[in-house]
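> Per my numbering, the sequence shown starts with residue 1067, numbered consecutively.
One structure is given below, represented as structure tokens, and several questions about it will come after.
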Amino acid sequence: MEKEFANKVALVTGAGSGIGRAVAIAFAREGAKVVVADVNAEGGAMTVRMIMQGGGDATFLKTDVSNEAEVQAMVEKTIELYGRIDCACNNAGVKSSEVFTADCKEEDWDRVMNIDLKGQWLCMKHEIPVMVKQHGGAIVNISSIAAFKGTPKMVEYSAAKAASINLTRTAAVEYARQGIRVNAVCPGMIITPMSDGGDNKAFDFEKLAGEIVPMGRRAKPEEVAEAVLWLCSDAASYVTGAALPVDGGILAE
Ligand code: NAD
1067 MEKEFANKVA LVTGAGSGIG RAVAIAFARE GAKVVVADVN AEGGAMTVRM IMQGGGDATF
1127 LKTDVSNEAE VQAMVEKTIE LYGRIDCACN NAGVKSSEVF TADCKEEDWD RVMNIDLKGQ
1187 WLCMKHEIPV MVKQHGGAIV NISSIAAFKG TPKMVEYSAA KAASINLTRT AAVEYARQGI
1247 RVNAVCPGMI ITPMSDGGDN KAFDFEKLAG EIVPMGRRAK PEEVAEAVLW LCSDAASYVT
1307 GAALPVDGGI LAE
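Next up, the structure:
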């Protein structure tokens, strides 16, 4: 049987680590040719190696999603290499500076907004014209459950992630008649370097998950990747403008 994404091309940003890497590997497993975009060349190269070892086809493109010239070059190079973009997962992101609202520095506000929000808009700005020309495509923006809740010490991050959902809805409505579906995935507590790293290395995230997640645990990045692939697949042919929580039930409480 032919694989779900055979003869398709998937572009994944922030694919050098965590959720993005899991999405890139899942697309490759299902037969897509994958462009792995990231600012981190080492992580990106590792993802490509992992895909090649599994018999897949992938290329790394060093890209800072907050820089329009680099995003434009990423899309142009993808077309040069593979000829089209069927699926795009705009996943690259950084976490908040982890301080209360009044203590957030302007430079941290700008950094998070530029990567987590403007980056997704810039990616869509350059991906959508390619998909319009092809008469189809599917985009998934990675938001967060932080979009829906007042989460202490996440002011710039939760503002960017909430805006990501309306960015998603707007594009979904604008391009629905051109065969382009645009959805968001809102992960909860996922085991990645972003949630285990930084100043919080000593923090026991698994214990917290036991207390606040109805399912009582964090998720593997692969569990988020499966939701992204479903939204990009023909099985989700009537789904657009949605913000799908993948959170073990946190938002349901
Ligand atoms: P991660 O830190 O493991 O991976 C993020 C990747 O994005 C890294 O490879 C990093 O180099 C890349 N990146 C950062 N800035 C970039 C830029 N300017 N241009 C291109 N690439 C850049 O984090 P993750 O947990 O896998 O996060 C992936 C996405 O999921 C993010 O948007 C994050 O906000 C979101 N998310 C994560 C969680 C979680 O619990 N881990 C929860 C909700 C949402």
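Just so it is clear, CB atoms sit at the ideal spot from N, CA and C, and this is done for glycine as well.
Note that the coordinates shown come from a computational prediction; the quantities given were computed from them, not determined experimentally.
1. What's the gap between the Cα of Val1078 and the Cα of Gln1138?
2. So, at 6 Å on beta carbons, what are the nonlocal neighbours of Gly1264 in its own chain, with the 5 sequence-adjacent residues on each side left out?
3. Between which two residues does the beta strand (DSSP E) holding Thr1258 run?
4. Answer yes or no: the CB of Gly1109 versus the heavy atoms of the ligand NAD, is any distance below 7 Å?
5. Check whether the Cβ atoms of Ile1257 and Pro1280 lie closer than 8 Å to each other.
6. At a threshold of 7 Å, does Pro1287 count as lining the ligand NAD (C-beta to nearest heavy atom)?
7. Regarding Asp1009 and the ligand NAD, is the C-beta to nearest heavy atom distance less than 7 Å?
8. Along the chain, where does the beta strand (DSSP E) containing Arg1247 start, and where does it finish?
9. Do Ile1205 and the ligand NAD come close, with the Cβ less than 7 Å from some heavy atom?
10. By a C-beta neighbour count over all protein chains shown, 10 Å radius and 16 as the cutoff for buried, is Asp1104 buried or exposed?
11. Once you ignore the five residues that flank Ala1107 on each side, which residues in its own chain have a CB closer than 6 Å to its CB?
12. State yes or no: is the C-beta of Gly1276 nearer than 7 Å to some heavy atom of the ligand NAD?
13. Report whether the distance from the Cβ of Met1112 to the nearest heavy atom of the ligand NAD is below 7 Å.
14. Check whether the segment 1214 to 1232 and the segment 1160 to 1172 are in contact - that is, three or more C-beta pairs closer than 8 Å.
15. Across which residues does DSSP place Ala1226 in a beta bridge pair?
16. Measuring CB to CB, does Val1239 end up less than 8 Å from Cys1155?
17. Just to check, is the beta-carbon of Thr1234 closer than 7 Å to a non-hydrogen atom of the ligand NAD?
18. Could you pull the DSSP bridge partners for Phe1330 from this structure?
19. Compare the C-alpha of Asp1182 against each of Ser1209, Arg1243 and Lys1199 and name the closest.
20. Going by alpha carbons, who is nearest to Trp1187 out of Ile1145, Phe1126 and Asn1133?
21. Check the C-beta distance from Glu1096 over to Phe1071 and give it rounded, since I have them as a contact under 8 Å.
22. Looking only at C-alpha atoms, which of Met1112, Cys1252, Lys1099 and Asp1270 sits nearest to Leu1316?
If we stick to the structure as given:
1. 14 Å
2. Here Gly1264 scores only 46 on pLDDT, less than 50, and its place in the model should not be relied on; the value that follows carries that caveat. Here the set comprises nothing.
3. It is not in any beta strand (DSSP E) - Thr1258 carries neither H nor E in the DSSP assignment.
4. Under cutoff, so the answer is yes.
5. Result no, Cβ atoms of Ile1257 and Pro1280 do not sit closer than 8 Å.
6. Pro1287: yes, Cβ under 7 Å from the ligand NAD.
7. The requested residue 1009 is not part of the displayed model; the chain covers only 1067 to 1319.
8. Ile1246 to Pro1253
9. no
10. buried
11. Correct list, in chain order: Lys1128.
12. no
13. no
14. yes
15. DSSP lists no partner for Ala1226.
16. no
17. No, the ligand NAD has no heavy atom inside 7 Å of this Cβ.
18. Nothing in the structure corresponds to residue 1330, since the chain is present only between 1067 and 1319.
19. Ser1209
20. Asn1133
21. Between Phe1071 and Glu1096 the Cβ distance is about 4 Å, and since that is below 8 Å, they are a contact.
22. The sequence shown places Ile at residue 1316, rather than the Leu named in the question. Among Met1112, Cys1252, Lys1099 and Asp1270, the Cα nearest to that of Ile1316 belongs to Cys1252.
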